[in-house]
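Enquirer:
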Amino acid sequence: MNENSPRIEARLIAETKVITPYTAKIGHCSGGETTWEEIPGYKIEIPSTVKHHCALQAMHSHQVASVKWYLGEYAQYPKALHITETMPKKVRQRKVETKSYTIVPNSLSYLAIEVEGVEVYDSRVDVPCDMQQYAATQMEFAPPKEMTEWFANRGISLR
Numbered sequence: 008m009n010e011n012s013p014r015i016e017a018r019l020i021a022e023t024k025v026i027t028p029y030t031a032k033i034g035h036c037s038g039g040e041t042t043w044e045e046i047p048g049y050k051i052e053i054p055s056t057v058k059h060h061c062a063l064q065a066m067h068s069h070q071v072a073s074v075k076w077y078l079g080e081y082a083q084y085p086k087a088l089h090i091t092e093t094m095p096k097k098v099r100q101r102k103v104e105t106k107s108y109t110i111v112p113n114s115l116s117y118l119a120i121e122v123e124g125v126e127v128y129d130s131r132v133d134v135p136c137d138m139q140q141y142a143a144t145q146m147e148f149a150p151p152k153e154m155t156e157w158f159a160n161r162g163i164s165l166r
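Numbered per the numbering used here, the sequence shown spans residues 8 to 166.
1) If you run the structure through DSSP and keep just helix, strand and coil, what is Glu121?
2) Output the distance between the C-alpha atoms of Glu156 and Tyr141, rounded to the nearest integer angstrom.
3) State buried or exposed for Ala143, treating a residue as buried only when at least 16 other CB atoms are found within 10 Å of its CB.
4) Using 8 angstroms as the threshold, is the C-beta distance between Ala72 and Thr93 below it?
5) Is the region 109-129 touching the region 76-87, taking contact as three or more C-beta pairs under 8 angstroms?
6) Taking only runs of the alpha helix (DSSP H) that begin and end inside the region 81-138, which ones reach a length of at least 4 residues, in chain order?
7) Counting C-beta neighbours from all protein chains within 10 Å, is the total for Cys36 16 or more, i.e. buried, or is it exposed?
8) Beta-carbon of Ile53 versus every beta-carbon of chain D: anything under 8 angstroms?
9) Could you name the residues of the same chain whose beta carbon sits closer than 7 angstroms to that of Trp76, not counting the 5 residues immediately before and after it, in chain order?
10) State the CB to CB distance for the pair Val103 and Ile53, rounded to an integer number of angstroms; the pair is presumed to be in contact (CB under 8 angstroms).
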């Protein structure tokens with residue numbers, strides 16, 4: 008397995024039958040020329056739920072039509088997870104809406120992907136997230152108790 012290939016066990020791919028390998032083509036610009044690099048990654052091409060856990064905000068969960076990810080470099084981080092999501096198409100929508108972002112090893116966030124309620128991928132396998140530091144940051148930035156109670160009385164969870 009390539010050093011930059013996400014550590015998806017062959018067993019997990021066989022059992023879930025939803026994760027498939029793909030090759031990401033990454034462009035690098037230098038001196039007016041673009042060079043292309045092929046990096047191994049993975050994709051899920053059926054409706055899935057992506058759960059983005061963030062120590063500074065509440066966990067954000069949303070449905071996607073498909074999701075792709077690969078490991079690569081990002082800024083000062085030698086290993087980061089790059090994710091591209093394709094959102095479900097809405098009625099009369101002409102363009103396919105995609106969203107891309109990066110998870111870095113700063114212990115502030117991690118990502119989980121579920122298919123039919125079963126977690127099939129957790130970014131902490133590839134990009135470390137110190138859960139003690141994550142919990143400490145979460146407590147430091149937690150909203151005041153009064154605010155939490157006010158929202159809870161209205162059926163809204165802040166975490």
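Positions of the beta carbon are idealized from the N, C-alpha and C atoms, including for glycine.
Expert: The short version:
1) strand
2) 23 angstroms
3) exposed
4) yes
5) yes
6) none
7) exposed
8) This model lacks chain D altogether, as it is built from one protein chain only.
9) Pro13, Gly48, Tyr49, Leu88, His89, Ile90
10) Going by Cβ atoms, the distance from Val103 to Ile53 rounds to 16 angstroms, so no, they are not a contact pair.
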